[in-house]
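Heads up: the sequence shown is residues 1 to 602, going by the UniProt record's numbering. Beta carbons are placed, not taken as given, at the ideal position from N, Cα and C, and that holds for glycine. Keep in mind that this is a model prediction, so the values were computed, not measured. Below is one structure, written out as structure tokens, with a few remarks after it.
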Amino acid sequence: MSDRHKPRRGLSCVRCRARKVRCDNQSPCGVCAKEGTECIRTSQDRRKERYSQAFVDGLQAKATKLEAVVAAVRQALADSDNPRDQRKPDSGVYGPTSVFNTEPTAPYDEGEHLVIRQLNQDPVIVECLQQFFKWQYPGHFAYIIRSGFLHEFLNPQPHFIYCSSELVYALAAMGASIADDPNIKSRAIDFYTKARTRLLSGGPTGKFDRPSVASMHALLVLSFFDLSHGHNSSSWMLSGLGVRMGFDLGFHLHPESVFTAPSNPASPEYIAIRSRVFWGAYMADHFVSLVFGRPTQLKKSDAWTAEPEDVRESSGVSPEYLFISNSADGEAPYSGIPIASMVTLIDICNASIDDIFNLGAARHKLAARYANKLEVVRQFNHQMIQWRCSLPLELQWTPRNVAVGADNPTKLSIRLYYYMALLCLNRPFLDVGVDGNDISSPRAVVLQAVDEVLGCVTRFRDVHGLQKASIYVVYALVFSVSVLLILRPPLTPWERQPQIDLIMGYIHELSSTWNLAGKCYDQLIRKMNSQVSAPSSVPEVTSQGSPQYYVDDPAGLAAMSQPPQSIPGSVGPPMFLGSDFMVNDWEPIFLPYHDTMGARPQ
Numbered sequence: 001m002s003d004r005h006k007p008r009r010g011l012s013c014v015r016c017r018a019r020k021v022r023c024d025n026q027s028p029c030g031v032c033a034k035e036g037t038e039c040i041r042t043s044q045d046r047r048k049e050r051y052s053q054a055f056v057d058g059l060q061a062k063a064t065k066l067e068a069v070v071a072a073v074r075q076a077l078a079d080s081d082n083p084r085d086q087r088k089p090d091s092g093v094y095g096p097t098s099v100f101n102t103e104p105t106a107p108y109d110e111g112e113h114l115v116i117r118q119l120n121q122d123p124v125i126v127e128c129l130q131q132f133f134k135w136q137y138p139g140h141f142a143y144i145i146r147s148g149f150l151h152e153f154l155n156p157q158p159h160f161i162y163c164s165s166e167l168v169y170a171l172a173a174m175g176a177s178i179a180d181d182p183n184i185k186s187r188a189i190d191f192y193t194k195a196r197t198r199l200l201s202g203g204p205t206g207k208f209d210r211p212s213v214a215s216m217h218a219l220l221v222l223s224f225f226d227l228s229h230g231h232n233s234s235s236w237m238l239s240g241l242g243v244r245m246g247f248d249l250g251f252h253l254h255p256e257s258v259f260t261a262p263s264n265p266a267s268p269e270y271i272a273i274r275s276r277v278f279w280g281a282y283m284a285d286h287f288v289s290l291v292f293g294r295p296t297q298l299k300k301s302d303a304w305t306a307e308p309e310d311v312r313e314s315s316g317v318s319p320e321y322l323f324i325s326n327s328a329d330g331e332a333p334y335s336g337i338p339i340a341s342m343v344t345l346i347d348i349c350n351a352s353i354d355d356i357f358n359l360g361a362a363r364h365k366l367a368a369r370y371a372n373k374l375e376v377v378r379q380f381n382h383q384m385i386q387w388r389c390s391l392p393l394e395l396q397w398t399p400r401n402v403a404v405g406a407d408n409p410t411k412l413s414i415r416l417y418y419y420m421a422l423l424c425l426n427r428p429f430l431d432v433g434v435d436g437n438d439i440s441s442p443r444a445v446v447l448q449a450v451d452e453v454l455g456c457v458t459r460f461r462d463v464h465g466l467q468k469a470s471i472y473v474v475y476a477l478v479f480s481v482s483v484l485l486i487l488r489p490p491l492t493p494w495e496r497q498p499q500i501d502l503i504m505g506y507i508h509e510l511s512s513t514w515n516l517a518g519k520c521y522d523q524l525i526r527k528m529n530s531q532v533s534a535p536s537s538v539p540e541v542t543s544q545g546s547p548q549y550y551v552d553d554p555a556g557l558a559a560m561s562q563p564p565q566s567i568p569g570s571v572g573p574p575m576f577l578g579s580d581f582m583v584n585d586w587e588p589i590f591l592p593y594h595d596t597m598g599a600r601p602q
């Protein structure tokens, strides 16, 4: 019988095919019977069946398409959980009437928490931050949320609100400026440069076009670094950028006023933080305006946020980042941030500045206008005394105990701001009430303010030294010496020479910390000596650092006591240290009121 007529053998069972052994085609087969397993028969053999190429290509195309769909779904799910798209705004906040309706949120920067993690392991950075928060905070940095910043700095997570690498470098620059170690002090400009470069860089990796609370804080801190080193124009511009970024974030708006139907109502803590940031920036802006004599950028009428409140923030903050007083003079302990009190003081100053330095009536009514403005100054002085008496008990002081508590940086900054405001607004009226009997006259108020400034600064210097002093001390001393140098008879500058020498010594000592003090000191020396023709009128610095002035020319002494010449057309608010302070003459800076407003009234 030929092979093709042989009967076909049945197909092997499933188990024998899997094990590739010969199957006897019985049911059950011998192998399965021997092993005691179920023998499963099959009637189809697909080993020789082949699919067409078109069918295979179609399956491959479908598989590729399905894989692409699955990948897209996975990416969409991942993006919905990614903070980048949740936190990155499409535009800024413009207010409730804006056509834009996007919530102000901080941008997300991948890898930022890794940078912060490296910075919080750097002992120099940590030391600089401790110096800053201990000696410079709050002062004009009340907008920084210390507890929030330190929590994010010491425990970095992918999501940041109060902390950024730029803000860390900016604060480190301020802290390095007052460091005891000269090696750390020398790194201040390096920290400043890093912060400014990273902050102002554009492009997809830059921070300039991605507003955030931390970036706004960093701009304001950099502004005060420039201010403390005498770079006034740069300080003014950086301050403006910081305030503009704050407006872009909507920090002046109350959440309930902007978002009429929020899915998650703003918590009281969130509202309080927004209020704190705005009013802290408000304080900083008005201080810059006071010393520059320029318009403010933040107006109280712009604020829709909650009213300012004094803050207690020491709880939960490590002692290394706090000022802890060791004074034994019986002072009341204080570690808060008096935002509401300072805003009230600023409002008193603003109202009086508007009344005093607006031209108002025509020039032929100058005498009447001068008398009216003098009355405004007297009312201002009375309001300032009332403000001082209304402070919380732990912040109050009197002329008799002005030195008590002045070694506390927070208390010192409050008192010096108070005295700077008095000096600014009373200075144009120094030649009014010179009989010595009117204790409420601008001259009497100014001279008492100078005495009390020296009492405060001397107390701080005796306890801590001036290396840790803030720029409030520099400006208060410069304001004080400026009014002493333009005194008219019967009290001339030389009758206050011991005070002038002491103030100049303090400014000279401060120049080792702040370049601003060094520039002011040099300018003051040049201008004072230029008004005295004696060749021996060069200051000699004693071992205590106080310069002594030797003038052996009576004509020069007489010239020194004369008032400065009038500068026609120089009208405006008081400007002690404008951006041109180092290049302009002395006289335009320290003019009596009647010289700035025209002829002296008869």
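- In the structure shown, the three-state DSSP call for Gly-30 is helix.
- For the pair Asn-426 and Val-457, the CB atoms are not nearer than the 8 angstroms cut-off.
- Distance check between Phe-278 and each of Gln-75, Lys-65, Leu-220, Cys-13 places Leu-220 closest, using alpha-carbon atoms only.
- Under DSSP, no beta-bridge partner is assigned to Gly-240.
- In the three-state reduction of the DSSP assignment, Arg-22 falls in the coil class, being assigned neither a helical nor a strand state.
- At the C-beta level, Cys-163 and Ile-125 stay beyond 8 angstroms of one another.
- Counting every other CB atom within 10 Å of its CB across the protein chains shown gives Glu-166 a total of 16 or more, marking it as buried.
- The beta carbons of Thr-305 and Ser-275 sit about 5 angstroms from each other, so the pair counts as a contact at 8 angstroms.
- The three-state secondary structure of Val-402, taken from DSSP, is coil.
- Your pair Ala-176 and Phe-153 does not check out as a contact, with CB atoms roughly 16 angstroms apart and the cut at 8 angstroms.
- Three or more Cβ pairs closer than 8 angstroms define a contact, and the stretch 368 to 386 falls short of that threshold against the stretch 399 to 417.
- The C-alpha of Gly-455 is placed about 16 angstroms away from the C-alpha of Leu-423.
- Sorting Gln-44, Ala-172, Asp-302 by C-alpha distance to the C-alpha of Val-243 places Asp-302 at the top.
- Per the DSSP secondary-structure output, Gly-336 pairs in a beta bridge with Arg-312.
- Arg-19 counts as exposed, since fewer than 16 other beta carbons sit within 10 angstroms of its beta carbon.
- Between Ser-27 and Cys-39, the beta carbon gap of about 6 angstroms places them in contact (Cβ cut-off 8 angstroms).
- For Phe-133, the closest of Glu-375, Phe-323, Val-377, Asn-155 by C-alpha to C-alpha distance is Phe-323.
- The Cβ atoms of Leu-150 and Val-317 sit closer than 8 angstroms to each other.
- Of the candidates Val-21, Leu-119, Ser-480, Ile-161, Leu-119 places its Cα closest to the Cα of Ala-195.
- Take Pro-156, set aside five residues on each side of it, and the residues of its chain with a beta-carbon closer than 6 angstroms to its own are His-113, Ile-116, Arg-117, in chain order.
- For Phe-191, the uninterrupted alpha helix (DSSP H) segment begins and ends at 188 to 200.
- With contacts defined as CB atoms closer than 8 angstroms, Ala-281 and Leu-253 fail to qualify as a contacting pair.
- Put simply, the backbone Cα of Val-474 is about 8 angstroms away from that of Leu-516.
- An exposed status is given to Asn-183, since fewer than 16 other beta-carbon atoms sit within 10 Å of its beta-carbon.
- CA-to-CA, the gap between Ala-63 and Gln-75 works out to about 18 angstroms.
- Around the Cβ of Glu-375, a 10 Å sphere holds fewer than 16 other Cβ atoms; the residue is exposed.
- Out of Leu-66, Ala-469, Ser-147, Val-69, the CA that lies nearest to the CA of Ile-337 is found in Ser-147.
- Beyond the five residues adjoining it in sequence on each side, Ile-145 comes within less than 6 angstroms, by CB distance, of Tyr-162 in the same chain, given in chain order.
- As the crow flies, the alpha-carbon of Cys-389 is around 6 angstroms from that of Gln-396.
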